[in-house]
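**Student:** Supplied in structure tokens, the structure appears directly below.
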Amino acid sequence: LRDVRKFGKLLMLEPGESHPRLERLGPDALEARGETLFRASRKRRASIKQLLLDQSLIAGVGNIYADEALFLSGVRPGRRAARVTRRECDRLADAVGRVLRRSIETGGSSIRDYVAPDGSDGHYQLERHVYARAGEPCFACGSPIRKRVIAQRGTHYCPTCQT
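Whatever position you read off the sequence shown (first residue = 1), add 300 for this note's numbering.
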């Protein structure tokens, strides 16, 4: 295990054995459903980005992929989750799956210190729409990508494409 950023943990369990940390995780993000997001959003005062980063709701969405999925779904990350519509939640769940599948296909995002287990760089960072592109023009509309802090994380979005 190479964990330069110290976010990971390796647990070795016997078949059928569980661990309290694993029991607190929500369903895998690749199986995210709009209905799950919508129901959870009705109960929260937090932003939609905070909701996406909540591993007890959907496990596996990190900062990069939250920003990218929010862009693809047209949802502004700072919006209160309770104000996101059912249709937007459906689009967002679909975008989470698309972003994660594409990242897996391209070997992940090599930003600063991440490399694949074989030492090679991932290539998803070449396809990013908003993450780490503050001040650069949006590929869709030309507006400068903005950066702000949400949930103590740098958050990137297009002020025109995302409402």
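Idealized CB from N, CA, C, for every residue including glycine.
How is the beta strand (DSSP E) around Y457 delimited, first residue to last?
**Tutor:** 453-457
**Student:** Grab me the residues of G360's own chain with a C-beta within less than 8 Å of its C-beta, minus the 5 sequence neighbours each way, in chain order.
**Tutor:** D328, A329, L330, L400
**Student:** Since K349 is in the alpha helix (DSSP H), which residue starts that stretch and which ends it?
**Tutor:** From DSSP, the alpha helix (DSSP H) with K349 extends over 348-353.
**Student:** In its own chain, which residues sit with a C-beta less than 8 Å from the C-beta of S443, not counting the 5 before and 5 after it?
**Tutor:** Within its own chain, the residues whose Cβ lies closer than 8 Å to the Cβ of S443, once the five positions on either side in sequence are excluded, are P437, C458, P459, T460, C461, listed in chain order.
**Student:** Would you check if the distance between the CB atom of A393 and the CB atom of L372 is smaller than 8 Å?
**Tutor:** no
**Student:** Can you pull the DSSP bridge partners for V449?
**Tutor:** G454
**Student:** Taking the continuous alpha helix (DSSP H) assigned at I364, which residues delimit it?
**Tutor:** Run containing I364: 363-373, per the alpha helix (DSSP H) assignment.
**Student:** With a CB to CB cut of under 6 Å and the five nearest residues on each side skipped, what residues in its chain are close to L357?
**Tutor:** G326, A340
**Student:** Count the other CB atoms within 10 Å of the CB of R448; is the residue buried (16 or more) or exposed (fewer)?
**Tutor:** Here R448 is exposed: its Cβ has fewer than 16 other Cβ atoms, across all protein chains shown, within 10 Å.
**Student:** Below 7 Å CB to CB, which residues in the same chain sit around G397 once its five sequence neighbours on both sides are set aside?
**Tutor:** L330, A332
**Student:** Based on Cα-Cα distance, which residue from R342, R391, H423, G419 lies nearest to I404?
**Tutor:** H423
**Student:** According to DSSP, what are the bridge partners of P444?
**Tutor:** P437
**Student:** Is the Cβ-Cβ distance between E427 and T455 less than 8 Å?
**Tutor:** no
**Student:** Check whether the Cβ atoms of K349 and A366 lie closer than 8 Å to each other.
**Tutor:** yes
**Student:** Please report the straight-line C-alpha distance between S420 and R391, rounded to a whole angstrom.
**Tutor:** Taken atom to atom, the span from the alpha-carbon of S420 to that of R391 is near 32 Å.
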